[in-house]
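K.L.:
Residue numbers (the numbering used here), protein chains in the order written: chain A, 118 to 232; chain B, 1454 to 1564.
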């Protein structure tokens, strides 16, 4: 069975500082993908970044980077130079290659950026 | 290119009523999903489809039905609405191994 764990219900960060949102996962499937989505107060789900289990380098997308530690089964999201618009819920998700390739979501972390 | 379109955006149902949540995508994606998000929680999979004519249950299918007669459309049917079905519903689609694209969500309240 697949499981995603986000242990930080809420996080605060000062504007312009960096912040790390934690995510650990569990799967016996050797091939999987890890995703981060942002959900602002307006409610939509916005894709941020993707990391494949066989990718050698950590994924980066602008101010977002994914700190992928395969042996520890962690896929933390790092947001650099936080902005007020980064205040939102952040969800970590995983998809495995077997079966219907469904996305399994964590419970989310609410990030608040303080001016 | 509209992406994934869900209708309606908001709905209030009385206990025992039925309704259909509409979802359409214009990206020719094979995979489509319905999720529900309860307050303060992550998304849970209700039903999914890997192509036209093929659907299967997710984690929380009870009280719902789906159909997939075309690649574009994936409606979710609620029969005999119950207060426990008060939630925000998201439809998503995916092509290949890319990320899933989500609709704007439908906020449903059952009273």
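For glycine and all other residues, C-beta sits at the position ideal for the given N, C-alpha and C.
(1) Which chain A residues are close to residue 1557 of chain B, counting only those with a beta carbon under 8 Å from its beta carbon?
(2) Could you check if residue 193 of chain A is buried or exposed, using at least 16 other CB atoms within 10 Å of its CB as the buried criterion?
(3) Closest Cβ-Cβ distance between residue 218 of chain A and chain B: below 8 Å?
(4) Considering only DSSP beta bridges, list what residue 1530 of chain B is partnered with.
(5) With a cut-off of 8 Å, do at least 3 Cβ pairs link the stretch 174-185 of chain A to the stretch 214-226 of chain A?
(6) At 7 Å on the CB atoms, spell out the chain A contacts of residue 1543 of chain B, in chain order.
(7) Starting from residue 1552 of chain B, find everything on chain A with Cβ-Cβ shorter than 7 Å and list it in chain order.
(8) First and last residue of the beta strand (DSSP E) that includes residue 160 of chain A?
(9) Report the residue from A:122, A:130 and A:155 whose alpha carbon sits nearest the alpha carbon of residue 141 of chain A.
(10) Based on Cα-Cα distance, which residue from A:134, A:124 and A:120 lies nearest to residue 200 of chain A?
(11) Just how far apart, CA to CA, sit residue 188 of chain A and residue 1479 of chain B?
(12) Buried or exposed: where does residue 1537 of chain B fall if 16 or more other Cβ atoms within 10 Å of its Cβ makes it buried?
(13) Provide the residue(s) that pair with residue 1459 of chain B in DSSP beta bridges, ordered along the chain.
P.N.:
Put simply:
(1) Position 104 of the second chain, counted from the first residue, corresponds to residue 1557 of chain B. 160 and 161, listed in chain order.
(2) The residue you call residue 193 of chain A lines up with position 76 of the first chain. Label assigned to residue 193 of chain A: buried.
(3) To locate residue 218 of chain A, count along the first chain from 1; it is residue 101. Yes - at least one Cβ of chain B is within 8 Å of the one on residue 218 of chain A.
(4) In the second chain, residue 1530 of chain B corresponds to position 77, counting from 1. In the DSSP output, where bridge partners are listed per residue, residue 1530 of chain B has B:1473 and B:1518.
(5) With the cut-off at 8 Å, the stretch 174-185 of chain A and the stretch 214-226 of chain A do not touch.
(6) Position 90 of the second chain, counted from the start, is the residue given in the question as residue 1543 of chain B. Result: 162.
(7) For this step, residue 1552 of chain B is matched to residue 99 along the second chain. Ordered by position in chain A, the residues that pass the 7 Å Cβ test against residue 1552 of chain B are 152, 164 and 167.
(8) If you number the first chain from 1, residue 160 of chain A lands on position 43. Element bounds for residue 160 of chain A: n/a, residue is neither H nor E.
(9) Taking the first chain and counting its residues from 1, the one referred to as residue 141 of chain A is at position 24. Cα-wise, what sits closest to residue 141 of chain A is A:122.
(10) Position 83 of the first chain, counted from the start, is the residue given in the question as residue 200 of chain A. The residue with the shortest Cα to Cα distance from residue 200 of chain A is A:134.
(11) Residue 188 of chain A sits at position 71 when you count from the first residue of the first chain. Residue 1479 of chain B sits at position 26 when you count from the first residue of the second chain. The straight-line gap from Cα to Cα measures roughly 39 Å.
(12) Your numbering for residue 1537 of chain B matches position 84 in the second chain. By the neighbour-count rule (16 or more Cβ atoms within 10 Å), residue 1537 of chain B is not buried but exposed.
(13) Within the second chain, the letter at position 6 stands for residue 1459 of chain B. Under the DSSP definition of a beta bridge, residue 1459 of chain B partners with B:1476.
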